[in-house]
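Trainee:
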């Protein structure tokens, strides 16, 4: 932001300057007003103009003195003007990084004008500097409400702060309560995105020659527990292998890799990084394991930063195995999370050529093509991508994820009957999956606007799996639609309570924090949700 854009109601400098009355020319700040009788408001405005000139010339301390004089002489009934003086003084404090004073002056500005968008935004910037992200999110929400969500940069700023706050909250919760593994279904879904993960493809030597009835130990125990989905036993068994084999054990690197994988899924970032660094720093680690360790490391970096830094790790993996489809597939998925769809599509196409029988890779390629078509408004490309998705689900009829994917696309295009048929097929494949009932509930809400059927479906889902986080997220989203913000906050809190692993907690905290921020913003603005022309929490149902 330029200096001229910083202050409120600033006129061009040429219009402010006059011969014989220019602080920049005299080298001093005006300390009074002309002796002839002028109104207190006119005097205040003169001090404000003096402050503006000082600000333009980077004399922020002098500008603070001028705005303070304007505040002192301005009659209290001129609330709009007082709000501007306090806001402009806050801008000066911001420029010299007096964050506490900047916040205090913004607060005073808002006392005089509670719907002053620039004061909320300036205070939000000060909150960022002091890492008070919860307060920052509330002020940015107020800013966006007052701007009718038309300022794209401020909306992106709000989204970024929301991400940072949710990640911080999730990590704090893990530190406070300890990390925990996500659900088996989540781990299963994560592993299904890999085409040839070594932990799924490797086989250990037969134990026929071992001592009869001897207990399985170390990595053999860990790998068996992993394949049998007894994930809670994996880390301890890997640790047993690592500690017993010291530096030269045959499966020590595999144990480090598998333990790092479980740490990654649990959100134990430091432990995951330590294991991966040990593995990658060992010259005896074979190339295949090194490639997948770099892929895990890229995901770890992405979770921490949500930016493009992960690409370096995947480039190193690509140099080791340029024909490994998992490198391109995983990079494409991370790029998709960043909405860099064109780059993601390039990688999905390479992965699909290298692994044409991997259902999720081919499906994600067509889904990404669909996302690009939507973004560009290309109707012909959109229709072709949907058609390809349909053909691919026919080619892989047992792929539950593909049916859910196609259902969501049909729902977005308001082809509700086709979406319903996809979900019915998915439920037949996985009748105990409570998440599918959640998807059906959302579809009914979108299709028939039937809130009773929506809640009835979610009640069925609770009976099937009361620990399913998605149930409570969707209940919260429904209450948002019904404009019951306090109840939505409660449901999102329950979603947090049922979250496992960093990603699940991040998603639930994002919804919870955004709703709390809107409640706070509306209270500060003296508005009700019904007063909004655009609902800033118009979060699409999944």
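Residue numbers (the UniProt record's numbering): 1 to 542.
C-beta atoms are modelled at their ideal positions from N, C-alpha and C, and glycine is treated no differently.
(1) Between residue 166 and residue 109, what straight-line distance do the alpha-carbon atoms span, to the nearest angstrom?
(2) Got a sec, what are the start and stop residues for the alpha helix (DSSP H) residue 324 sits in?
(3) Could you have a look at residue 472 and say whether DSSP puts it in helix, strand or coil?
(4) Take the Cβ of residue 320 as the centre, count every other Cβ of all protein chains shown within 10 Å, and call the residue buried at 16 or more, exposed below.
(5) Would you tell me roughly how many angstroms separate the C-alpha atoms of residue 423 and residue 189, rounded to the nearest one?
(6) First and last residue of the alpha helix (DSSP H) that includes residue 278?
(7) At which residue ranges does the segment 169-228 contain complete alpha helix (DSSP H) runs of 4 or more residues, listed in the order of the chain?
(8) Here's the rule I'm using: 16 or more other beta-carbon atoms within 10 Å means buried, otherwise exposed. How should residue 26 be labelled?
(9) In angstroms, rounded to a whole number, what distance separates the CA positions of residue 251 and residue 219?
(10) Let me know the secondary structure DSSP gives residue 141 once reduced to three states.
(11) Answer yes or no: do residue 332 and residue 304 have a C-beta to C-beta separation smaller than 8 Å?
(12) Could you give the distance in angstroms between the alpha-carbon of residue 524 and the alpha-carbon of residue 374?
(13) Evaluate residue 337 with the Cβ neighbour count: other Cβ atoms within 10 Å of its Cβ, from every protein chain shown; 16 or more gives buried, anything less gives exposed.
(14) Taking the straight line between their C-alpha atoms, what separation do you get for residue 152 and residue 159?
(15) Taking the C-alpha atoms as reference points, what is the distance between residue 284 and residue 224?
(16) Kindly indicate which residue of 412, 484 and 397 has the alpha-carbon position closest to the one of residue 370.
(17) Taking only the alpha-carbon atoms, compute the straight-line gap between residue 356 and residue 470 and give it to the nearest angstrom.
(18) Distance, Cα to Cα, residue 208 vs residue 241?
(19) By DSSP, does residue 113 sit in helix, in strand, or in coil?
(20) Which residues mark the beginning and the end of the alpha helix (DSSP H) in which residue 263 is found?
(21) Could you tell me if residue 531 is buried or exposed, where buried requires 16 or more neighbouring beta carbons within 10 angstroms of its beta carbon?
(22) Take residue 404 and list the residues in its own chain whose beta-carbon comes closer than 8 Å to its own, dropping the five residues that flank it on each side.
(23) If you measure between the beta carbons of residue 260 and residue 272, is that distance less than 8 Å?
(24) Beta carbon of residue 265, beta carbon of residue 182: below 8 Å?
(25) So for residue 249, helix, strand or coil by DSSP?
(26) Here's the rule I'm using: 16 or more other beta-carbon atoms within 10 Å means buried, otherwise exposed. How should residue 253 be labelled?
(27) Please report the straight-line C-alpha distance between residue 366 and residue 163, rounded to a whole angstrom.
(28) Alpha carbon to alpha carbon, what distance is there between residue 433 and residue 139?
(29) Quick one: complete alpha helix (DSSP H) runs, 4+ long, within the segment 79-129?
(30) Can you look up residue 167 in the DSSP assignment and give me helix, strand or coil?
(31) Would DSSP call residue 38 helix, strand or coil?
(32) Indicate whether the contact test is met: 3 or more Cβ pairs, each with one atom in the segment 225-232 and one in the segment 387-394, closer than 8 Å.
(33) Buried or exposed, going by whether 16 or more other CB atoms sit within 10 Å of the CB of residue 65?
(34) Report the three-state DSSP secondary structure of residue 47 (helix, strand or coil).
(35) Return yes when the Cβ of residue 502 is within less than 8 Å of the Cβ of residue 473, no when it is not.
(36) Consider the C-beta atom of residue 280 and the heavy atoms of the ligand COA; say whether any pair is separated by less than 7 Å.
Mentor: A quick look at the data gives this:
(1) Separation of residue 166 and residue 109 (C-alpha to C-alpha, rounded to the nearest whole angstrom) is 29 Å.
(2) Where residue 324 is concerned, there is no enclosing alpha helix (DSSP H), given that its DSSP letter is neither H nor E.
(3) Helix, per DSSP.
(4) By the beta-carbon neighbour count (other beta carbons within 10 angstroms, threshold 16), residue 320 is exposed.
(5) Those two C-alpha atoms are separated by around 17 Å.
(6) Run containing residue 278: 269-280, per the alpha helix (DSSP H) assignment.
(7) Fully enclosed alpha helix (DSSP H) runs of 4 or longer: 184-192, 198-201 and 218-227.
(8) Caution is warranted here: a pLDDT of 33 is assigned to residue 26, below 50, making its placement in the model unreliable, and the coordinate value is therefore given only provisionally. When all chains shown are included, residue 26 counts as exposed.
(9) A direct Cα-to-Cα measurement between residue 251 and residue 219 gives close to 7 Å.
(10) In this structure, DSSP gives residue 141 a helical state, which the three-state scheme calls helix.
(11) Not in contact: residue 332 and residue 304 (Cβ atoms no closer than 8 Å).
(12) In this structure, the alpha-carbon of residue 524 lies about 37 Å from that of residue 374.
(13) Exposed is the call here.
(14) C-alpha separation (whole angstroms): 11 Å.
(15) Distance between the alpha carbons of residue 284 and residue 224 is about 24 Å.
(16) With respect to the C-alpha of residue 370, the residue from 412, 484 and 397 having the closest C-alpha is 412.
(17) The alpha-carbon atoms of residue 356 and residue 470 are separated by roughly 32 Å.
(18) In this predicted model, residue 208 has a pLDDT of only 47, less than 50, meaning its place in the structure is not dependable; the value taken from the coordinates is given anyway. Going from the Cα of residue 208 to the Cα of residue 241 covers about 20 Å.
(19) Note: residue 113 maps to coil in three-state DSSP.
(20) For residue 263, the enclosing alpha helix (DSSP H) has its first and last residue at 252-266.
(21) Classification for residue 531: exposed.
(22) Residues 422, 423, 426, 436 and 439 of the same chain have their beta carbon placed closer than 8 Å to that of residue 404, with the five preceding and five following residues left out of the count.
(23) In contact: residue 260 and residue 272 (Cβ atoms closer than 8 Å).
(24) Their beta carbons are under 8 Å apart, which means residue 265 touches residue 182 by this criterion.
(25) When secondary structure is reduced to three states using DSSP, residue 249 falls in the coil class, being assigned neither helix nor strand.
(26) Residue 253 is classed as buried because its beta carbon has at least 16 other beta carbons within 10 Å across all chains shown.
(27) The C-alpha of residue 366 lies about 28 Å from the C-alpha of residue 163.
(28) Distance between the alpha carbons of residue 139 and residue 433 is about 39 Å.
(29) Counting whole runs of 4 or more residues, the segment 79-129 contains the alpha helix (DSSP H) stretches 79-95, 99-112 and 117-129.
(30) Residue state, collapsed to three classes: helix.
(31) Coil at residue 38, not helix or strand.
(32) Verdict: no, contact absent.
(33) Buried: at least 16 other Cβ atoms inside 10 Å.
(34) DSSP, read as helix, strand or coil, puts residue 47 in helix.
(35) At least 8 Å separates the beta-carbon of residue 473 from that of residue 502.
(36) In terms of ligand content, the structure shown is empty, and the ligand COA therefore cannot be addressed.
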